[in-house]
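Chains as they are written, first to last, in the numbering used here: chain A, 1 to 253; chain B, 1001 to 1177; chain C, 2001 to 2177.
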C-alpha cells in the first residue's frame, strides 16, 4: 500500500493511505479502533470516516463517488439510530447496519486472500520457461483418415462399368443411374434449364439429339425432369400414354 | 511394463516437455507414448519427485491437466543474469482483489466484481485481461448481455495452482448468491 | 568446494541452460556461478555423463566452447509428433479412383491408369505417392521404361485390409485389357 507522509501547517503529520475503496477504508478504521466487526459503533466510525474524507480533500486527493455514497449510508444509519422516530416505517437502522456488515465481511475474505496471491505471485514469477525447439518437420505423409474396405471395390466397379458402357452402350443397366450418375443427372438438369431460358416449352425427345438416346441417357434425362418438377421449375404434359412428353416452364411463385 | 520400457517412456516425456516448452496435455503424452493416462500420470509424478533433487535446476509443473518443464524459482537470481533486466511489475492491490473475487466466483461480470469490492473496477479488469490473467468467457444471458470473466491458465501458472480445485477452500468462499 | 555447493552449482547450470535455450558460453556460466572455468568444465562434463542415463530425454551438448541443452535425437520421432501439422484431409475422388485401379491392376503404370480413367492422373498419382499410399515398384520393361506403381502397406492399413488377398474379388474385376 502506497503511503504519503504529509506535513501539515498545524505541524502534525497524518498518514494518508491509498485505500482501494470505502470498504477498505472502513476496515482500516474498524481495526484501528479495535472494534468487533459484528459490533461496530456506527456513530464513532461515521465521524472518523467523514473526517478522513475531509482530510483527503484538504490534501487534494481524489475522493471518488463510492466514498461519498458510503458516507451517506453511514450518516443515514447514524441518524436513524439517534432518532428512531424520524424514520418510522422505513428500513430499520439495524437492518441497514447488518447489510453493511455482511458486505464488509464478504469483501474482507477476498482482501485477505490477496495476501496469499501476492506471495505466490512473487514466488512463481521467479520461474523461467523456454520457447519450444525449432524443428523443420515435413508434413506427415500418411493418411490419418480411414476408409471402409468396401470403398475401393465400389469405385473400381463404377470405373469398370463406365468403361464397359463406352464399349457397348446398350448393356448399361438402368439401376446404375441411381447409384453413380448423380453428376450426369445434374448436368442434364443444367441442360434443361438452359433450354428453358430461350423457350417456354419443348419436347422431351429434343433432349436426345446427336445420338444420345441410349436407355441410360433417357433415364438420366427423365430423372432430371423429375427433380425439376419436384422443385417446381417445370411441369410435364403427356397427352396419351407412351406419347410425347412436353416440358413447360413454370412461372415464379 | 519392464523397467527398461519405463525408463524409455520417462526419457520420451522429458524430451517432449523440453522440446515443447509449452504445457503438454496428459492426453497428448498418452497418445505419443501409447501408455494409458493413469499409468502415465503415476510415472510423471515419480519423475517430478526426482526433479526435486538438489542438483537439478529444472522441474516439471502440472497446470490444468498439462505438464510443463520450467526452471526452479530458487535459481531465479542466477538465471536472470542471462537476460536483460526483466520488468516484471507485480500486480496492483486492485488487480489482486479482482483476481481473488473472479477466482472464487467465475464466471463473473464486472458489476458482480464491483459489488463485492465496492468500487469501480474497470481499469483493473482491463489490465488483467491485457496480461492474460482474466479471459472473457462469453456473455451473461441478462439485460445488456454483460461480459463474463474467468481466470485463465496463465493465472494458474502465475500463482502456482495446479487447477482451480487447488484454491484454498473454505465455507467462507461459497459463491456469492 | 563442499558437496552441497557442487550440487547447487549443477542445478544453477541446468536452470541457466534450460532458460536460455541458446548455447551459453563457459565464460558466462563461470561469471554467474563464480566458479573458475576449469573446475566448471569438469563439473559440466560430469553432468553430461549423467544425462546419458536411459531415463533422460535431454542432454547437454558442447558446441564451440558453449553449452546447450537439447532433446536427445533418439526421441525425435516422438517429439516431432508434437509439431506435426495434423493431416486429416481425406482423399479426392480422383485419388480414390487411381487407388482402386492400382489395387486391382498392380503393378501398374501411369499410362495404364489414365487409359482406364480416361483422364490425366499425374497429380493424383503424385499425391498418393507423397502420402505413401502408392509406392514405386520398379520400371516396366517397355519403351520409355515407365514407372510401375503398387499399393503400399499404408494403403492396407488405411482401408482395413489384412493383405491384398483381402480385396473383394469378382469375375467382373478381370484385369482391364
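The beta-carbon is built from N, C-alpha and C at its ideal position, and this holds for glycine as well. From a predicted model like this one, the values you see are computed outputs, not experimental measurements.
DSSP beta-bridge partners of residue i
i               : result
residue 2060(C) : 2069(C)
residue 2119(C) : DSSP, once it has assigned bridges, lists no residue as partnering residue 2119(C).
residue 237(A)  : 246(A)
residue 1987(C) : Nothing about residue 1987(C) can be read from this structure; chain C reaches only from 2001 to 2177.
residue 164(A)  : DSSP, once it has assigned bridges, lists no residue as partnering residue 164(A).
Length of the line joining the Cα atoms of residue i and residue j
i               : j               : result
residue 2039(C) : residue 2030(C) : 9 Å
residue 112(A)  : residue 1076(B) : 27 Å
residue 92(A)   : residue 1107(B) : 34 Å
residue 243(A)  : residue 219(A)  : 16 Å
residue 1020(B) : residue 131(A)  : 7 Å
residue 73(A)   : residue 96(A)   : 8 Å
residue 2081(C) : residue 1005(B) : 19 Å
residue 2105(C) : residue 1049(B) : 59 Å
residue 69(A)   : residue 51(A)   : 15 Å
residue 1141(B) : residue 1151(B) : 20 Å
residue 2069(C) : residue 1079(B) : 14 Å
residue 109(A)  : residue 24(A)   : 12 Å
residue 221(A)  : residue 239(A)  : 19 Å
residue 1062(B) : residue 1130(B) : 24 Å
residue 2023(C) : residue 1027(B) : 32 Å
residue 1017(B) : residue 2012(C) : 19 Å
residue 120(A)  : residue 82(A)   : 47 Å
residue 2066(C) : residue 1093(B) : 43 Å
residue 2007(C) : residue 2046(C) : 11 Å
residue 1138(B) : residue 1149(B) : 8 Å
residue 1136(B) : residue 102(A)  : 29 Å
Partner residues on chain B for residue i, Cβ-Cβ distance less than 8 Å
i               : result
residue 66(A)   : 1118, 1119, 1120
residue 2072(C) : 1011, 1015
residue 2032(C) : 1078, 1081, 1082
residue 2024(C) : 1082
residue 111(A)  : 1097, 1100
residue 107(A)  : 1116, 1117, 1118
residue 20(A)   : 1093, 1094, 1097, 1117, 1119
Listed by chain order, chain C residues near residue i by CB distance under 8 Å
i               : result
residue 1054(B) : 2004, 2007, 2008, 2011
residue 189(A)  : Within chain C, no residue comes near residue 189(A); the closest Cβ sits about 20 Å away, beyond 8 Å.
Proximal chain B residues relative to residue i, where beta-carbon distance stays under 9 Å
i               : result
residue 2018(C) : 1018, 1057, 1058, 1069, 1070, 1071, 1079
residue 235(A)  : Simply none; closest approach about 50 Å.
9 Å Cβ cut-off: residues of chain A touching residue i
i               : result
residue 2149(C) : Within chain A, no residue comes near residue 2149(C); the closest Cβ sits about 15 Å away, beyond 9 Å.
residue 1158(B) : 120, 121, 124, 125
Where residue i meets chain C, residues with beta-carbon distance less than 7 Å
i              : result
residue 124(A) : The premise fails here: residue 124(A) is roughly 15 Å from chain C at the closest Cβ pair, so nothing lies under 7 Å.
Under 9 Å from the C-beta of residue i: neighbouring residues of chain C
i               : result
residue 1028(B) : 2081, 2082
residue 153(A)  : 2100, 2103, 2104, 2167, 2168, 2169, 2170, 2173
Per-residue contacts from residue i into chain A (C-beta, under 8 Å)
i               : result
residue 2161(C) : 149
7 Å Cβ cut-off: residues of chain B touching residue i
i              : result
residue 114(A) : 1093, 1096, 1097, 1100
residue 117(A) : 1096, 1099, 1100, 1159
Residue i CB to nearest heavy atom of the ligand GDP below 7 Å
i               : result
residue 2024(C) : The ligand GDP is absent from the structure shown, which contains no ligand whatsoever.
(message) In chain order, what are the residue ranges of uninterrupted alpha helix (DSSP H) at least 4 long that sit wholly in the stretch 1099-1157 of chain B?
(response) 1110-1117, 1122-1130
(message) Please list, in chain order, the residues of the stretch 2075-2107 of chain C that have any C-beta partner in chain B closer than 7 Å.
(response) 2075, 2078, 2079, 2081, 2082
(request) Could I get the ranges of all uninterrupted beta strand (DSSP E) runs contained in the stretch 181-209 of chain A, with 3 residues as the minimum, in chain order? (result) 201-203
(message) Beta carbons nearer than 7 Å to chain B: which residues of the stretch 67-82 of chain A have them?
(response) Within the stretch 67-82 of chain A, no residue has a Cβ that lies closer than 7 Å to any Cβ of chain B.
(request) Kindly provide the ranges of any beta strand (DSSP E) runs that are 3 or more residues long and lie completely inside the stretch 52-116 of chain A, ordered along the chain. (result) Scanning the stretch 52-116 of chain A from its first residue to its last, no whole beta strand (DSSP E) run of 3-plus residues comes out.
(request) Can you give me, in chain order, the residues of the stretch 40-59 of chain A that have a beta carbon less than 9 Å from any beta carbon in chain C? (result) none
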